[in-house]
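*Asks:* This structure is in structure tokens; I'll ask about it shortly.
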Amino acid sequence: MEHCQVVVGFDFSHSSHAALERAIALATRAPWHVLHVVAAIDPRMAFPAVPASHVDAAYAERVEAAIHALVDQELDDQLVRDRVRYSVHARIGKPVKEILGVASDVGADLILVGTKGLTGLERAMVGSTAERIVREAGCTVEVVRPKTYAYVPLLEVIDAPAV
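Residue numbers for the sequence shown follow our numbering, so the first one is 2 and each next one is one higher.
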């Protein structure tokens, strides 16, 4: 059976964690899925503690190592490490370009991205990475939001007595 290539956009936000959790759930149920976790590091949008001049290959390697540790921990927490294959790609550049680049490189069947739910002026100024990926991707894209509904346990289903 041919592998299903799943690309996950990841930026350490709550929404990207939700996308990663969704990808792991897919890969756990279908072992032919291979996950490609992509972190795009845009020097123009560097964290306040990291000046743009410090965003280089060594920085990308540290980001990649941090994501590997995070994914390994998530797989260990869910007891599925031996059932999920993944790789991490930390690239310096604009998120849309880098995520779509990895998707093209691996022949992605699915891209999972989180959404921050920007509205109004904030969205007009920043734009929506998820929206651009949906428009420009050459495969199916699933936009994932963190769950905000309360957890509801499923009731146990029992056999009804025959009448």
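Just so you know, even glycine gets a beta-carbon here, dropped at the ideal spot from N, CA and C.
As the structure is a computational prediction, the values presented were derived from the model and not from experiment.
For a minimum of 4 consecutive residues, which ranges assigned as the alpha helix (DSSP H) are wholly contained in the region 53–139?
*Replies:* Listed in chain order, the complete alpha helix (DSSP H) runs (minimum 4 residues) inside the region 53–139 are 58–78, 96–107, 121–127, 130–137.
*Asks:* Is the region 133–149 touching the region 99–111, taking contact as three or more C-beta pairs under 8 Å?
*Replies:* Counting Cβ pairs under 8 Å, three or more are found: they touch.
*Asks:* Around the C-beta of H34, are 16 or more other C-beta atoms found within 10 angstroms, so that it is buried, or is it exposed?
*Replies:* Result: buried.
*Asks:* Could you give the DSSP three-state label for H4: helix, strand or coil?
*Replies:* Reduced to three states, the DSSP call for H4 is coil.
*Asks:* Mapping the DSSP letters down to three states, classify A20 as helix, strand or coil.
*Replies:* The answer is helix: DSSP assigns A20 an H, G or I state.
*Asks:* If we ignore side chains and look at the alpha-carbon of each, how far apart do I134 and T116 end up?
*Replies:* C-alpha separation (whole angstroms): 11 Å.
*Asks:* Quick one: using the 10 Å Cβ neighbour count with 16 as the cut-off for buried, is A58 buried or exposed?
*Replies:* Exposed, because fewer than 16 other Cβ atoms sit within 10 Å of the Cβ of A58.
*Asks:* Which value, in whole angstroms, describes the spacing of the CA atoms of V153 and L71?
*Replies:* Looking at the two C-alpha atoms, the distance is approximately 27 Å.
*Asks:* Secondary structure at L27, three-state DSSP: helix, strand or coil?
*Replies:* L27: helix per DSSP, three-state reduction.
*Asks:* So the candidates are V39, H69, K98, Y150; which of them puts its Cα closest to the Cα of E137?
*Replies:* Of the candidates V39, H69, K98, Y150, the one whose C-alpha sits nearest the C-alpha of E137 is K98.
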